[in-house]
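I have placed the structure first, in the form of structure tokens, so that the comments after it can refer back to it.
In my numbering, the protein residues as written are 42 to 207.
Here is the structure:
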């Protein structure tokens with residue numbers, strides 16, 4: 042039993058190191074990214090309607106154009122073709138906009154979209170392209186707008202902002 046405990050601790054440590062290296066590699070792949078953050082959903086991979094995710098993005102260069110993406114990590118078994126979400130944005134000047142998006146999860150044949158890793162799928166959805174953002178901190182609030190109280194199985198959701206190459 043003692044050997045099993047040591048092996049289990051070593052496996053957890055090795056998995057942690059692998060995940061950190063993998064995350065650092067992903068973040069380092071795109072030097073144009075100025076923001077990349079993800080939040081886990083609720084217990085049991087349920088994303089509850091009341092569980093709004095807040096992203097505070099600092100924009101330093103108002104002359105730059107930006108692309109904005111939503112990320113959606115889900116597991117095999119996600120039943121819908123699309124994940125309905127609402128994204129609200131509050132600018133540093135106080136203006137607020139709210140838009141609904143349908144994140145495509147399955148293609149026309151019913152196959153899952155995104156990068157697979159076993160039963161886990163990572164998808165990235167461009168929602169804004171080549172937009173101008175005023176300097177300062179922008180608050181983005183992401184929530185699902187599924188008619189039922191939850192979306193399942195959803196592991197995490199995120200927001201990426203990147204500079205458009207000139």
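In this text, a Cβ means the ideal position worked out from N, Cα and C, and glycines have one as well.
Of the choices 115, 152 and 180, whose alpha-carbon is the least far from that of residue 82?
Within the chain shown, residue 82 is the residue found at index 41, counting from 1. Closest option to residue 82, Cα to Cα, is 115.
How many Å lie between residue 201 and residue 77 at the Cα?
Sequence index remark: in the chain shown, residue 201 carries index 160 (1-based). Sequence index remark: in the chain shown, residue 77 carries index 36 (1-based). Those two C-alpha atoms are separated by around 4 Å.
Just to confirm my understanding: we take residue 184, look at its own chain, exclude 5 residues before and 5 after, and list those with CB closer than 6 Å. What are they?
The residue you call residue 184 lines up with position 143 of the chain shown. Around residue 184: 93 and 127.
May I ask you to report which of helix, strand or coil DSSP gives residue 85?
Here the question's residue 85 lines up with position 44 in the chain shown. The answer is helix: DSSP assigns residue 85 an H, G or I state.
Which runs of the beta strand (DSSP E), 3 residues or longer, sit entirely within the segment 142 to 166?
156 to 158
Counting along the chain, where does the beta strand (DSSP E) carrying residue 199 start and finish?
Along the chain shown, one-based indexing puts residue 199 at 158. Segment 195 to 204, the beta strand (DSSP E) holding residue 199.
For residue 180, the first and last residue of its enclosing beta strand (DSSP E):
Translated into the one-based positions of the chain shown, residue 180 becomes position 139. 177 to 185 is the extent of the beta strand (DSSP E) around residue 180.
So who's on the other strand from residue 71, going by DSSP bridges?
On the chain shown, position 30 is the one that residue 71 refers to. Paired residue(s): none; residue 71 is not in a bridge.
With DSSP run on the structure shown, which of helix, strand or coil describes residue 133?
As a position in the chain shown, residue 133 is number 92, starting the count at 1. Coil at residue 133, not helix or strand.
When you compare each of 162, 177 and 176 to residue 197 by their alpha carbons, which one comes out closest?
Sequence index remark: in the chain shown, residue 197 carries index 156 (1-based). Residue 197 has its Cα closest to that of 162, out of 162, 177 and 176.
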